[in-house]
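Trainee: Each residue of the sequence shown is one higher than the one before, starting from 141 at the first, in the numbering used here.
Don't be surprised by glycine CBs; every beta carbon is placed ideally from N, CA and C.
Quantities reported herein were computed from a predicted structural model and do not represent experimental measurements.
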Amino acid sequence: MENQLREKRVKSYSVMRSVLDYTMGILYLAAATFLFFAEKFGFEMENFDLTFRYMFGGICALYGAWRIYRGVKKDYY
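1) Can you have a look at residue 168 and say buried or exposed, based on whether 16 or more other CB atoms are within 10 angstroms of its CB?
2) Please go through the same chain and pick out, in chain order, the residues whose beta-carbon is closer than 8 Å to the beta-carbon of residue 214, but skip the five residues on each side of it.
3) Which whole-angstrom value is the C-beta distance of residue 194 and residue 181, which I expect to be below 8 Å?
4) Specify the secondary structure class of residue 143 as computed by DSSP and reduced to three states.
5) Got a sec? Which residues, its chain only, sit under 8 Å from residue 198 by beta carbon, not counting five neighbours each side?
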């Protein structure tokens with residue numbers, strides 16, 4: 141009985157973490173998309189250099205993809 145309760149807790153934790161990873165991954169990918177295409181969305185970002193925006197957008201895209209991959213893999217232990 142105790143083992144079943146532990147397995148249920150582990151499974152619910154895994155589902156919660158994967159949903160969090162999917163959500164955060166999508167948010168990071170959205171931020172990267174915004175940084176890459178800010179002018180096309182009608183935003184003028186005069187304070188940020190174009191090279192910095194592209195580099196930071198690339199980092200956000202890589203991290204977002206990794207978060208989604210981790211959510212798919214569900215290997216938290």
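Mentor: According to the data block:
1) Looking at its Cβ environment, which holds 16 or more other Cβ atoms inside 10 Å, residue 168 is buried.
2) Result list for residue 214: 154, 157, 158, in chain order.
3) About 15 Å separates the beta carbons of residue 194 and residue 181, which is beyond the 8 Å limit, so they are not a contact pair.
4) Helix at residue 143.
5) 172.
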